[in-house]
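Note sheet for the following structure.
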Amino acid sequence: MNSFLVLLGHSSADVAVETDPDAVVVRQALLLALHAGANAPREEETRAGWDRFTATLAEADRELQAGLRDPVGLVEANVPPLDPVDEDGEPLRSNVVALTRQLSDLFDAAAVAGQGSPWRLIVWAKVAECLSDAADELA
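Just so you know, our numbering puts the end of the sequence shown at 140, numbered straight through with nothing missing.
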């Protein structure tokens, strides 16, 4: 199986047990999806969707990390190369969309729960909306 898809799966598992949308594993997952968007092989008919997805995720990342004392970056040297389809025929796009929707749900739940500063609740709500829009764009 494509090791990038394995990395996406591990990231999804980490996000599934996390409740803090500002946690490092959550921000890393967002950056991993952004990396996929920026580096996915593009065919003419999918180029615009990937480009809009990437731009929207970049906006979500900027919004999320603005004002945090410990911004997170993705060490791209540690990220395996992307392939649009793994050896079992599983497409990269569907896995990236699933992770993005999972992240959107986490941010939305955190914003609705009201368990943070008013400023972070607004940020989480905006990030949730960006992620939802991005997933819809690519789906």
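For glycine and all other residues, C-beta sits at the position ideal for the given N, C-alpha and C.
Taking the C-beta atoms as reference points, Thr55 is found nearer than 8 Å to Leu35.
Residue pairing by DSSP places Val86 opposite Pro92 in a beta bridge. One Cα belongs to Ala136, the other to Ala59, and the distance between them is close to 13 Å. In the structure shown, Pro22 falls within a coil segment according to DSSP collapsed to helix, strand and coil. Residue environment for Arg28: buried (at least 16 other C-beta atoms within 10 angstroms of its C-beta).
Straight through space, the alpha carbons of Asp15 and Ser133 are spaced by roughly 19 Å. In this structure, Leu6 keeps its C-beta atom at 8 Å or more from the C-beta atom of Leu33. C-alpha of Arg94 to C-alpha of Arg70: approximately 32 Å in a straight line. Taking the CA atoms as reference points, Gln66 sits about 23 Å from Gly10.
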